[in-house]
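I have placed the structure first, in the form of structure tokens, so that the comments after it can refer back to it.
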Amino acid sequence: MHIACQFFLWQNHTMPDYTAPIADMRFLLSTVLPLDPAAVDEGMRDAILEEAGKLARDVLSPLNATGDKHGARLSDDGVVTTAKGWLEAYTQYQQGGWNAVPFSPDHGGQGLPWAMAFPLQEMWQSANMAFGLCPLLNQGAVEALTHYGTDDQKSLYLPKLITGEWTGTMNLTEPQAGSDLAALRARAEPMGDGTYKITGQKIFITYGEHDLTPNILHLVLARLPDAPDGVKGISLFLVPKFLVNADGSLGARNDVRCVGLEHKLGIHASPTCTISFGDTGGAIGTLVGEANGGLKAMFAMMNNARLSVGLQGVAIAERSLQAAIHFTHDRVQGRHIATQATGPILHHADVMRMILRMQALTMAGRALTYQAASWLDNQQTEVDVLTPIVKSWCTDLAQDVTSLSIQIHGGMGYIEETGVAQFFRDARILPIYEGTNGIQANDLVFRKVLRDKGAALTSILDSVTQVAQTLADDNSLGDDGAALAGGLQAATAATRQSLAHVLASDDPHKQAAIASPFLNLCGITLGGWMMGRRMLFAGNALANGPDHDGFYAHQVLLGRFYADHILPQALGLAHTVRHGDVSVASCLPGAIRV
4 MHIACQFFLW QNHTMPDYTA PIADMRFLLS TVLPLDPAAV DEGMRDAILE EAGKLARDVL
64 SPLNATGDKH GARLSDDGVV TTAKGWLEAY TQYQQGGWNA VPFSPDHGGQ GLPWAMAFPL
124 QEMWQSANMA FGLCPLLNQG AVEALTHYGT DDQKSLYLPK LITGEWTGTM NLTEPQAGSD
184 LAALRARAEP MGDGTYKITG QKIFITYGEH DLTPNILHLV LARLPDAPDG VKGISLFLVP
244 KFLVNADGSL GARNDVRCVG LEHKLGIHAS PTCTISFGDT GGAIGTLVGE ANGGLKAMFA
304 MMNNARLSVG LQGVAIAERS LQAAIHFTHD RVQGRHIATQ ATGPILHHAD VMRMILRMQA
364 LTMAGRALTY QAASWLDNQQ TEVDVLTPIV KSWCTDLAQD VTSLSIQIHG GMGYIEETGV
424 AQFFRDARIL PIYEGTNGIQ ANDLVFRKVL RDKGAALTSI LDSVTQVAQT LADDNSLGDD
484 GAALAGGLQA ATAATRQSLA HVLASDDPHK QAAIASPFLN LCGITLGGWM MGRRMLFAGN
544 ALANGPDHDG FYAHQVLLGR FYADHILPQA LGLAHTVRHG DVSVASCLPG AIRV
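Add 3 to the 1-based position in the sequence shown for our numbering, that's all there is to it.
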């Protein structure tokens with residue numbers, strides 16, 4: 004197995020700056036999470052993956068470092084110019100039809116499954132996360148209008164958003180209202196003709212202003228004059244940068260201006276804007292959904308975006324993993340501890356351990372996000388439970404993997420020239436936006452688990468138990484399968500016990516105190532579930548044919564590594580869930596001192 008591992012890693016030695024992991028994507032979409040052949044046959048799947056991989060490698064990836072260095076620029080008149088090459092790249096992306104992949108043909112979409120769209124999105128985010136944020140936010144706008152827009156709004160705006168001719172944004176956050184949307188102050192005044200005048204300021208608006216498309220459609224949370232206090236008084240409005248005539252042509256410039264660009268730790272080429280509405284009388288908008296029903300419509304955007312943010316975590320992990328593997332083959336340093344031979348640093352056991360950890364986490368996360376996409380296609384209720392886990396666990400693993408990439412590069416990773424520092428900086432936003440990971444943990448416990456008394460999560464855990472048992476019964480996998488089976492059984496049992504503890508508690512403060520450890524426990528366990536399924540299909544392939552490039556043998560090895568190095572963490576987290584609520588919940592704020 005060690006030979007297979009080295010051989011598989013060596014295949015990646017000559018890879019360019021970014022190469023889409025199409026072999027792994029194809030493995031998942033053909034075996035572990037097979038696509039419906041009636042929707043996407045094998046030939047179509049492979050053609051789509053190959054063409055998307057070319058765009059990611061040849062167009063988007065070369066712009067990543069230069070975009071990070073030069074960023075977007077804001078002029079005095081409120082015009083934002085994206086980084087050099089951005090406009091040409093977006094035009095190629097849009098005209099290639101890539102934006103329309105998962106959306107309804109009723110409004111110009113291609114109607115392909117989300118399970119096909121997610122690998123493509125992963126490529127855009129891996130190649131250039133700052134670029135990929137634009138279609139990600141546009142996707143949320145499409146979802147909101149699809150579910151809550153009027154027929155007129157859908158016919159007027161959806162075709163342009165779906166094709167990517169125009170882009171959409173989410174305008175939620177204000178200086179005094181971050182995660183606490185109850186505190187937002189933006190106002191919407193009815194004009195008596197079905198339109199509203201919007202006034203207020205929003206911050207942290209991704210691609211709130213840019214030069215990629217002729218129009219930008221802002222989805223804005225605001226309050227009506229008679230709205231009740233709190234989140235029950237929030238409404239959602241569509242506010243275009245340019246007003247749109249009945250025939251779809253552009254009209255006058257709306258009273259919407261970018262008044263600032265945020266200076267960020269990472270994703271420098273993504274224009275994160277401060278947007279002012281109504282400085283000269285009021286921005287004209289239309290209501291989306293019901294009055295005071297903005298929170299419901301907002302979650303149509305947010306839930307979709309949360310899965311995509313989890314996918315971003317996998318994507319940036321993959322990118323930093325590829326850089327690390329490439330470096331370990333080129334960097335000669337030190338001597339092999341046993342043979343004393345000089346060679347590349349991949350020969351050092353601890354470097355190999357870090358690479359394997361990066362690979363195991365990335366592959367577990369990829370399979371888990373694709374599972375969510377499959378359930379999204381099938382409208383399975385389990386996707387609601389999986390959404391906060393995918394968003395939080397996969398963005399946390401990105402912190403681990405991108406940090407390890409710097410560690411492997413040593414001092415060369417800490418300087419900007421090698422590029423891996425950018426991956427670390429870019430990844431740091433992921434646990435923060437679209438609801439911080441602490442909010443995801445509360446969502447899992449209070450909305451998803453307590454709502455149905457753990458029924459949906461229990462159903463998922465039943466599937467994990469079945470995979471563990473199948474692994475235990477599969478003699479062809481030998482000690483590797485037995486190790487993962489044992490680890491999965493222990494982790495699943497610990498998760499069930501922790502679930503029972505959460506359900507038994509009647510103190511929400513204590514439940515909140517252990518919500519994050521509980522989510523991470525679920526993430527590690529479900530990641531093991533994915534690695535178990537990978538191992539089973541790989542083992543079957545090994546038993547029935549040659550393994551020319553060592554791909555299937557490496558899948559088995561990674562399953563064993565996950566069992567030995569990652570799954571045991573679940574047991575420690577289970578202890579924290581069952582006992583750690585007391586120390587947190589009993590601590591008074593005054594006891595925390597500077």
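C-beta: ideal position from N, C-alpha, C; glycine also.
Note that the structure is a prediction, hence the values are computed from the model and not measured.
Within the same chain, Leu-52 and Gly-56 come within 6 Å of Ile-25 by CB-CB distance, once the 5 residues on both sides are set aside. In this structure, Gly-111 keeps its C-beta atom at 8 Å or more from the C-beta atom of Asn-141. With a threshold of 16 other beta carbon atoms within 10 Å, His-582 falls short and is exposed. For the 8 Å CB-CB criterion, Leu-148 and Gln-156 form a contact. Fewer than three Cβ pairs drawn from the region 549 to 566 and the region 401 to 418 lie within less than 8 Å of each other, which leaves the two stretches out of contact. Closest option to Trp-169, judged by alpha-carbon separation, among Ser-479, His-332 and Ser-252: Ser-252. By the Cβ neighbour-count rule, Asp-79 is exposed, with fewer than 16 other Cβ atoms within 10 Å of its own. By the criterion of at least three beta-carbon pairs nearer than 8 Å, the region 324 to 334 is not in contact with the region 173 to 186.
Remark: C-beta atoms of Thr-398 and Asn-440 approach each other more closely than 8 Å. In the DSSP annotation of this structure, the continuous segment of the beta strand (DSSP E) that includes Gln-336 starts and ends at 335 to 338. Contact between the region 497 to 504 and the region 570 to 589 is present: three or more C-beta pairs spanning the two stretches fall below 8 Å. With a contact defined as Cβ atoms closer than 8 Å, Ala-488 and Ala-471 qualify at about 5 Å. Counting the other CB atoms within 10 Å of its CB gives Ile-418 a total below 16, which places it among the exposed residues. Per DSSP, the continuous beta strand (DSSP E) segment holding Cys-261 begins and ends at 259 to 264. By the neighbour-count criterion, in which 16 or more other beta carbons inside 10 Å mark a residue as buried, Leu-268 falls on the exposed side. Around the beta-carbon of Gln-98, fewer than 16 other beta-carbon atoms lie within 10 Å, marking it exposed. In the structure shown, Met-173 adopts extended strand secondary structure according to DSSP, grouped into three states. The beta-bridge partner set that DSSP reports for Pro-193 consists of Tyr-199.
Leu-560 is the residue among Ala-424, Lys-513, Leu-560 and Val-393 whose C-alpha sits nearest the C-alpha of Gly-535.
Counting along the chain, His-351 sits inside no alpha helix (DSSP H), nor does DSSP assign it H or E at all. Put simply, of Phe-280, Thr-421 and Leu-545 the residue whose alpha carbon is nearest the alpha carbon of Gly-81 is Phe-280. Taking every protein chain shown into account, the CB of Asp-27 has 16 or more other CB atoms within 10 angstroms, so this residue is buried. Rounded to the nearest angstrom, the gap between the Cα atoms of Phe-134 and Tyr-210 is 10 Å. Residue environment: Gln-469 is assigned as exposed (fewer than 16 neighbouring CB atoms within 10 Å of its CB, all protein chains considered). Secondary structure of Leu-239 (DSSP, three-state): strand.
Leaving aside the five residues that flank Ala-308 on each side, the residues in its chain whose CB is nearer than 8 Å to its CB run, in chain order, Leu-139, Leu-140, Gln-142, Gly-143, Met-173 and Glu-437. Note that the region 67 to 75 touches the region 271 to 278; at least 3 beta-carbon pairs, one per stretch, sit closer than 8 Å. By the neighbour-count criterion, in which a residue is buried when 16 or more other Cβ atoms sit within 10 angstroms of its Cβ, Thr-384 is exposed. For Ala-186, the closest of Leu-570, Lys-456, Gly-100 and Asp-232 by C-alpha to C-alpha distance is Asp-232.
With 16 or more other Cβ atoms inside 10 Å of its own Cβ, Arg-537 counts as buried.
The count of Cβ pairs closer than 8 Å, one atom from the region 447 to 458 and one from the region 505 to 522, reaches three, so the stretches are in contact. Beta-bridge partners of Ser-279 (DSSP): Gln-204 and Arg-260. For Gly-422, the closest of Asp-49, Phe-30, Pro-65 and Asp-44 by C-alpha to C-alpha distance is Pro-65. Distance between Leu-90 and Asp-214, taken at the CA atoms: about 7 Å.
Judged by their CB atoms, Leu-290 and Phe-330 are not nearer to each other than the 8 Å cut-off.
Taken in chain order, the complete alpha helix (DSSP H) segments of 4 or more residues contained in the region 465 to 504 number zero; there are none.
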